[in-house]
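Residue 1 is where the sequence shown starts when you use the UniProt record's numbering, and the numbers rise one by one after that. These notes concern the structure reproduced below.
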Amino acid sequence: MHTLTHTRAAQATTPRSHGPVLETQADFNARVEGACAQACRAIAPAWPLDRAIAVNPHWERIGRPVREVAARMAVLGGIAVFPSRQHLQQAWAGGRIQPADLQEALTRQSSGLGAPEVIAALHQPLAVPSLPLLIDVLDDDPEGRARLSWRQAVTHQVSQVCAAYFDHHQADWQPERAGSLYAFWRDTVAHDHGVGVLMGLPDLGRGLAALPATREDAERWVLRRLGLPAEAWADYLEAVLLTVNGWASWCAYLGWEARQQGRGDAHLRDLLAIRLAWGALLLECRDDQAAQRAFAALQVEWECAAERLQQAEAALQVDELWQTAYEVGYQRDLARRLQAVAPLPADPAAPVEVQAAFCIDVRSEPLRRALEAAWPGVQTVGFAGFFGLPVAYTPLATEARRPQLPGLLAPALEVTEQIAPTVADFGAAGARLQAPARQQRLAQFARTERWGAGSRWPNAAFSSVEAVGAGYLGRLGQWLRPSAAARRSLDGEGLSPRYRPVCRPVLAGLDTNAKVDLAARVLHAMGVDRGLAPLVVLVGHGSQSANNAQAAALDCGACCGQTGEVNARALARLLNEAEVQAGLRARGLALPGDVAFVAALHNTTTDEIEAFDLDLLPAWGQARWARLATAWAQAGDQVRRERAPTLGLDPRTPHASLLDQLRRRANDGAQTRPEWGLTGNAAFLIAPRARSQGAVLDGRVFLHDYDAANDADGSVLELLMTAPMLVTHWINWQYHASTCDPQRLGSGNKLLHNVVGGRIGVFEGNGGDLRIGLARQSLHDGEHWRHEPLRLTTVIDAPAEAIERVIAAHAVVAQLLQHDWLHLWRFAEGGGFERYVRGRWEAVAA
1 MHTLTHTRAA QATTPRSHGP VLETQADFNA RVEGACAQAC RAIAPAWPLD RAIAVNPHWE
61 RIGRPVREVA ARMAVLGGIA VFPSRQHLQQ AWAGGRIQPA DLQEALTRQS SGLGAPEVIA
121 ALHQPLAVPS LPLLIDVLDD DPEGRARLSW RQAVTHQVSQ VCAAYFDHHQ ADWQPERAGS
181 LYAFWRDTVA HDHGVGVLMG LPDLGRGLAA LPATREDAER WVLRRLGLPA EAWADYLEAV
241 LLTVNGWASW CAYLGWEARQ QGRGDAHLRD LLAIRLAWGA LLLECRDDQA AQRAFAALQV
301 EWECAAERLQ QAEAALQVDE LWQTAYEVGY QRDLARRLQA VAPLPADPAA PVEVQAAFCI
361 DVRSEPLRRA LEAAWPGVQT VGFAGFFGLP VAYTPLATEA RRPQLPGLLA PALEVTEQIA
421 PTVADFGAAG ARLQAPARQQ RLAQFARTER WGAGSRWPNA AFSSVEAVGA GYLGRLGQWL
481 RPSAAARRSL DGEGLSPRYR PVCRPVLAGL DTNAKVDLAA RVLHAMGVDR GLAPLVVLVG
541 HGSQSANNAQ AAALDCGACC GQTGEVNARA LARLLNEAEV QAGLRARGLA LPGDVAFVAA
601 LHNTTTDEIE AFDLDLLPAW GQARWARLAT AWAQAGDQVR RERAPTLGLD PRTPHASLLD
661 QLRRRANDGA QTRPEWGLTG NAAFLIAPRA RSQGAVLDGR VFLHDYDAAN DADGSVLELL
721 MTAPMLVTHW INWQYHASTC DPQRLGSGNK LLHNVVGGRI GVFEGNGGDL RIGLARQSLH
781 DGEHWRHEPL RLTTVIDAPA EAIERVIAAH AVVAQLLQHD WLHLWRFAEG GGFERYVRGR
841 WEAVAA
């Protein structure tokens, strides 16, 4: 060991702020534990591909102001939080940001900066200091040999180890994983003789001999050797995790899931120890004066860590101003559109014949507007897409258990599948039908297992054609020459045509009282408990695409990256039960004499509506649905024409031809942009539909219906501000982060994606870190960014006192507002708007 290292390690055992008093081993261990835990708490989870939901990658950092987080990310990880100055310069030059917007931002920030210097800074490169890691200062080959940088090589090696360790679905040959991730890595690196060659370290074995056997000892070993000031440990460790942020986010997800189940999880700590130990290994292998000088320089740099962070925060003041100016321009336009809405009469002449409850997803806004125009007798409602059902879903004849609710929540109820050709077949009468359907599906799965195993190999798409015959050629042909077929639900896979139409999701394990309680809560939260229409349609949503590893990211985030079909069908079934309707009437709910609930799905790729279980409706309900179907078709055609130019299609194309073109895009295995998803999202409106009805909001606003007059105790408002508002914030920041730093917080080029572990995530190419966030093709059309990275503006129609009570009761909501992670507005009593600023309301300038 180097003499310099001995000296620094000895200093590390002495607290710098307590003179010569020596620190005990127990105290040292406790400080290491605290620093490692703090670093791990900074990592936000990333959900797997089959449950892909949007996540704010800075979620665990919202306890700090957004500019402070931006400074930390820049200094510790080279990550951009605000839009690039080039992006903002284009917005300024193109008139998207107006001088009035900039002036408003300067007024809001009270920064002391003037417009001329802020405009001048926009044309200068951002200069932010950085702090190196041990691996960076050692990565200087004195012999000048060309090789992969050690940071790249270590990231690749750690990533490959994680891919092997966490893969339980893709590889047919599975490694032994009896121990921890750290133990698995230690064993792997000890037997992988190619690593030393790749890194230009033929003596790597010498360093491996010093590697501690446990994760805890590795953490302590490295931090002793580094000799950094203890107050910088947590920051250094966070910087280490940011070098493998993708895998760190996956491990954070495993920890999130474990906590929801009351368990602990050590994978993230293991990953930290692995990445930390690599630096010490390299130090063991570099026994030269240059390495000693570099090591000393590292310690000097980190003694100035606090100063570097302050310098970065000051430098980013300009970028935060421009971010605000960017948002002011959008907010001004949004306010103008909302204020232009004509007030509706208190007692509309036309009766409500149908209510259609849509997910709050921004893609539903254009369709709601078009449907209302097509049939004024339709009242649309915005509600969270999981329809208030905290459920997990288990398909027939499988052991899978799939969450169908926001990732913030844990499932409390179960939905299973039941074969029921008629209403009478639900319950015990349908039991006789379950067994043959189950056997048929299991047999089909057994026949297709060999096919599925072969298709997992990289060259199987072509090499297995000869083995399995023309059937595979047919599938390849469908993939390469896409048809105009409608969406087909994967939930029906393996079922024969005999059983597929009558296989229905049903809530399990609830007695009648529990069902009535659940139904009453859902209808109250939806805002329709004081006046139901005879026909109520529950409209979930899902996307349609082929050859798309990130397909779930286009489905319903409120349903944990699934379509809303299961939730809508299970709830419609529950609400149609005669016993439930009788119970609701007994509690005073004003149900019509005849009322029926229908589940439907909005295909956001083609803007088609698919209905479910219509055969269970009474004759009068089917007749009303038939009339509604005409309005659906007209509304869908209108929205398709609005969207066509954004997809490079001609909006003047005849109806059937345009629909066929969209279906072919959806079924095209080479199509990287089947739809634009939630691109452009910028605001969340919690208000009666009357506040926005008729306003053209361009598919950029989440719309959740809310009537304060029907919420005397504020419980519904509290629910909306602590669940849907957080979900929309997560969506907003995933798009924001993927646009501002597509390299570190986006998943790169979709054409290069390779799925890892069957469901874990994607590599861009064949290695590097696990990629998180959105692909570039989901945000950029090849020439321009389709998404504007704006922080969410939430606009609420509720008394100020009610909103303030929610803020005071929930620290997470207070942090989001206090630290500028989102904007909060309300409709003012005298007209116009007020915005919430540091605990008080300010009038928004007209």
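Glycine residues also receive a C-beta, built at the ideal position from the N, C-alpha and C atoms.
As assigned by DSSP and simplified to three states, the class of PRO505: Within the sequence shown, the letter at position 505 stands for residue 505. Correct three-state label for PRO505: strand.
Own chain residues within Cβ distance below 6 angstroms of GLY583, not counting five before or after: As a position in the sequence shown, residue 583 is number 583, starting the count at 1. Sequence-distant Cβ neighbours of GLY583 in its own chain, meaning closer than 6 angstroms and more than five residues away, are VAL516.
Backbone CA spacing between GLN693 and ASP705 [nearest angstrom]: Position 693 of the sequence shown holds residue 693. Position 705 of the sequence shown holds residue 705. Taking the straight line joining both Cα atoms gives about 11 angstroms.
Segments assigned beta strand (DSSP E), at least 3 residues, entirely inside the region 320-380: With a minimum length of 3 residues, the unbroken runs of beta strand (DSSP E) contained wholly in the region 320-380 fall at 354-359.
Close Cβ partners of GLY748 (< 8 angstroms) along its chain, the five nearest in sequence each way excluded: What you label residue 748 is simply residue 748 of the sequence shown in a count that begins at 1. PRO742, GLU764, ARG771, ALA775 and ARG776, listed in sequence order.
Integer-rounded CB distance, given that ALA611 should sit under 8 angstroms from TRP598: Residue mapping note: residue 598 aligns to position 598 of the sequence shown, counting from 1. Residue mapping note: residue 611 aligns to position 611 of the sequence shown, counting from 1. The sequence as given places Val at residue 598; Trp does not occur at that position. The distance from the Cβ of VAL598 to that of ALA611 is about 6 angstroms, consistent with a contact at the 8 angstroms cut-off.
Backbone secondary structure at ALA828 - three-state DSSP: Looking up residue 828 in the sequence shown gives position 828. If DSSP states are grouped into helix, strand and coil, ALA828 belongs with coil.
Inter-residue spacing [alpha-carbon to alpha-carbon] between ALA266 and LEU726: In the sequence shown, residue 266 corresponds to position 266, counting from 1. In the sequence shown, residue 726 corresponds to position 726, counting from 1. Going by C-alpha positions, ALA266 is about 27 angstroms away from LEU726.
Cβ-Cβ distance between ARG85 and LEU122 below 8 angstroms: By one-based count along the sequence shown, residue 85 stands at place 85. By one-based count along the sequence shown, residue 122 stands at place 122. Their beta carbons are under 8 angstroms apart, which means ARG85 touches LEU122 by this criterion.
Beta-bridge pairing of PRO116 - partner residues as DSSP gives them: Reading the sequence shown from its first residue, position 116 is the one you call residue 116. PRO116 pairs with nothing; no bridge assigned.
Residue ranges of each alpha helix (DSSP H) within the region 145-206, 4 or longer: List check, alpha helix (DSSP H) in window: 150-166, 181-191 and 194-198.
8 angstroms Cβ cutoff met for ALA91 and VAL81: The count along the sequence shown starts at 1 and reaches residue 91 at position 91. The count along the sequence shown starts at 1 and reaches residue 81 at position 81. The answer is no: Cβ separation not under 8 angstroms.
Whole-angstrom distance between CYS285 and GLY179, CA atom to CA atom: Translated into positions along the sequence shown, residue 179 becomes position 179. Translated into positions along the sequence shown, residue 285 becomes position 285. Taken atom to atom, the span from the alpha-carbon of GLY179 to that of CYS285 is near 27 angstroms.
Coil, strand or helix - TRP221 by DSSP: Here the question's residue 221 lines up with position 221 in the sequence shown. Three-state DSSP puts TRP221 in a helix.
Proximity to ALA558 [Cα-Cα], best of PRO411, GLN355, LEU276 and PRO212: Translated into positions along the sequence shown, residue 558 becomes position 558. A check of alpha carbon separations from ALA558 across PRO411, GLN355, LEU276 and PRO212 identifies PRO411 as the nearest.
Residue from PRO436, GLN622 and GLN550 whose Cα sits closest to the Cα of ARG759: Position 759 of the sequence shown holds residue 759. Ranked by Cα distance from ARG759, the first of PRO436, GLN622 and GLN550 is GLN550.
Bridge-paired residues (DSSP) for ILE686: Along the sequence shown, one-based indexing puts residue 686 at 686. According to the DSSP secondary-structure assignment, ILE686 is paired through a beta bridge with HIS704 and ILE796.
Where the alpha helix (DSSP H) through VAL415 begins and ends: On the sequence shown, residue 415 is found 415 positions in, with the first residue counted as 1. No alpha helix (DSSP H) contains VAL415, which is instead part of the beta strand (DSSP E) from 413-419.
Sufficient close CB pairs (3 or more, under 8 angstroms) joining the region 293-309 to the region 807-814: Segments in contact, no.
Rounded distance between the beta-carbons of CYS503 and ALA437, thought under 8 angstroms: Taking the first residue of the sequence shown as 1, we reach residue 437 at position 437. Taking the first residue of the sequence shown as 1, we reach residue 503 at position 503. Between CYS503 and ALA437 the Cβ distance is about 7 angstroms, and since that is below 8 angstroms, they are a contact.
8 angstroms Cβ cutoff, LEU371 in contact with chain D: Included in the structure is just one protein chain, with no chain D present.
Inter-residue spacing [alpha-carbon to alpha-carbon] between THR7 and LEU283: Taking the first residue of the sequence shown as 1, we reach residue 7 at position 7. Taking the first residue of the sequence shown as 1, we reach residue 283 at position 283. Confidence in THR7 is poor, its pLDDT being 38 and thus under 50, which makes the residue's placement too unreliable to answer from.
Simplified DSSP state of ALA611, which is helix, strand or coil: The residue given as residue 611 occupies position 611 in the sequence shown. Strand, per DSSP.
heavy atom of the ligand MN below 7 angstroms from ALA582 C-beta: Of the ligands one can find in the structure shown there are none, so the ligand MN has no counterpart to examine.
Three-way DSSP call (helix, strand, coil) for THR394 in this model: Working through the sequence shown from its first residue, we reach residue 394 at position 394. The answer is strand: DSSP assigns THR394 an E or B state.
Cβ neighbours of GLN323 in the same chain (closer than 6 angstroms, five flanking residues each side left out): For this step, residue 323 is matched to residue 323 along the sequence shown. PHE82.
Beta-carbon proximity list for GLN98, same chain, < 7 angstroms, skipping 5 on both sides: Translated into positions along the sequence shown, residue 98 becomes position 98. Answer for GLN98: GLY329, listed in chain order.
Between the CA atoms of ILE43 and GLU238 - distance to the nearest angstrom: Indexing the sequence shown from 1 puts residue 238 at position 238. Indexing the sequence shown from 1 puts residue 43 at position 43. Their Cα atoms are separated by approximately 8 angstroms.
ALA127 classed as buried or exposed, judged by whether at least 16 other C-beta atoms fall within 10 angstroms: In the sequence shown, residue 127 corresponds to position 127, counting from 1. With a threshold of 16 other beta carbon atoms within 10 Å, ALA127 falls short and is exposed.
N- and C-terminal bounds of the alpha helix (DSSP H) containing ARG664: The sequence position of residue 664 within the sequence shown is 664, counting from 1. Per DSSP, ARG664 belongs to the alpha helix (DSSP H) from 655-667.
The alpha helix (DSSP H) enclosing ARG108, as first and last residue numbers: Position 108 of the sequence shown, counted from the first residue, corresponds to residue 108. DSSP places ARG108 in the uninterrupted alpha helix (DSSP H) bounded by 99-109.
Residue interval of the beta strand (DSSP E) (run including LEU822): In the sequence shown, counting from the first residue as 1, residue 822 sits at position 822. Run containing LEU822: none; DSSP gives neither H nor E here.
Environment of ALA52 [buried if 16+ CB atoms lie within 10 Å]: By 1-based counting over the sequence shown, the position of residue 52 is 52. Of the other Cβ atoms in all chains shown, 16 or more fall within 10 Å of the Cβ of ALA52; this residue is therefore buried.
GLY279 - containing alpha helix (DSSP H), residue span: Numbered from 1 along the sequence shown, position 279 holds the residue referred to as residue 279. Start and end: 267-285.
GLU842 in three-state terms, based on DSSP: Counting from one through the sequence shown, the residue named residue 842 turns up at place 842. In the structure shown, GLU842 falls within a strand segment according to DSSP collapsed to helix, strand and coil.
Inter-residue Cα distance where the pair is ALA420 and LEU433: The residue labelled residue 420 in the question sits at position 420 within the sequence shown. The residue labelled residue 433 in the question sits at position 433 within the sequence shown. Near 8 angstroms, if we compare the C-alpha coordinates of LEU433 and ALA420.
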